[in-house]
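Asks: Count along the sequence shown from 1, then add 30; that gives the number in the numbering used here.
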Amino acid sequence: DNIGSLNWHYNNTLSKLTKQNKTTEYYVYDHQGNRVRTVIETNDQIQSQRNYLPSLDISTNQTNTLHIGTHILAEQTKDNVQTHYQLSNHLKTNALELNDQAQVISYEHYYPYGGTA
Numbered sequence: 031d032n033i034g035s036l037n038w039h040y041n042n043t044l045s046k047l048t049k050q051n052k053t054t055e056y057y058v059y060d061h062q063g064n065r066v067r068t069v070i071e072t073n074d075q076i077q078s079q080r081n082y083l084p085s086l087d088i089s090t091n092q093t094n095t096l097h098i099g100t101h102i103l104a105e106q107t108k109d110n111v112q113t114h115y116q117l118s119n120h121l122k123t124n125a126l127e128l129n130d131q132a133q134v135i136s137y138e139h140y141y142p143y144g145g146t147a
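(1) When the Cα of glycine 34 is compared with those of Pro142, Lys49, Leu126, Ala125, which residue comes out closest?
(2) What distance in whole Å lies between the Cβ atoms of tyrosine 57 and leucine 44, which are believed to be in contact at a cut-off of 8 Å?
(3) Leaving aside the five residues before and after aspartate 60 along the sequence, list all residues of the same chain whose C-beta is less than 7 Å from its C-beta, in chain order.
(4) Starting from tyrosine 56, trace the beta strand (DSSP E) both ways and give me its first and last residue.
(5) Based on DSSP bridge pairs, tell me the residues matched to serine 35.
(6) Nearest by alpha-carbon distance to glutamate 138: which of Thr113, Gly144, Leu126 is it?
(7) Between the Cα of aspartate 74 and those of Asn51, Val134, Asn64, spot the shortest distance and give me the residue it belongs to.
(8) Please report the distance separating the alpha-carbon of threonine 95 from that of arginine 80.
(9) Express the C-alpha separation of asparagine 41 and threonine 113 in angstroms, rounding to a whole number.
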C-alpha cells in the first residue's frame, strides 16, 4: 500500500499514517517515547488495535481478543491468522519463535563476540 500522508507529534514520533486505500493508523506513545498503542481504522471503523505493555502484547480485532502473557506475542487480524510465541533466553533476547502448533518458525543462537546463527 502506498502511504498517503504522515502526521507527527511535537516530539517527532509518528501520530497518524493515512494510506491511499483509506486505511488510517493511529499511534500513541508513553512519556519516554515508546509506542504503547496502535489503532487501525478502515472507513471510520476500527479493524484492529494493539496495546504494548512491558513483556505483554494485547492485540484486538473485530472478531476476537488475545490476552497473551510474558514473552509470548500474538497478532491476529482479519487477513492474517497467525500466532507467534517468542520465547526468551536467560539474556532476555527472543531466541525461539513457535507457531500455534508448537512448530519452530525461527531460532537464533548467539556466539561469543557478537556472532549469530
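All C-beta atoms, glycine included, are put in the ideal place defined by N, C-alpha and C. All values derive from a computational prediction rather than experimental measurement.
Replies: Let me spell this out:
(1) Measuring from the Cα of glycine 34, the nearest candidate turns out to be Lys49.
(2) Cβ-Cβ separation between leucine 44 and tyrosine 57: approximately 5 Å, consistent with a contact (criterion under 8 Å).
(3) Val66, listed in sequence order.
(4) Segment 53-59, the beta strand (DSSP E) holding tyrosine 56.
(5) Bridge partners of serine 35: Thr48.
(6) For the residues Thr113, Gly144, Leu126, the minimum Cα distance to glutamate 138 belongs to Leu126.
(7) Answer by Cα proximity: Asn51.
(8) Reliability of the predicted coordinates at threonine 95 is poor, the pLDDT of 45 falling under 50, and no value is obtained from them.
(9) Going from the Cα of threonine 113 to the Cα of asparagine 41 covers about 33 Å.
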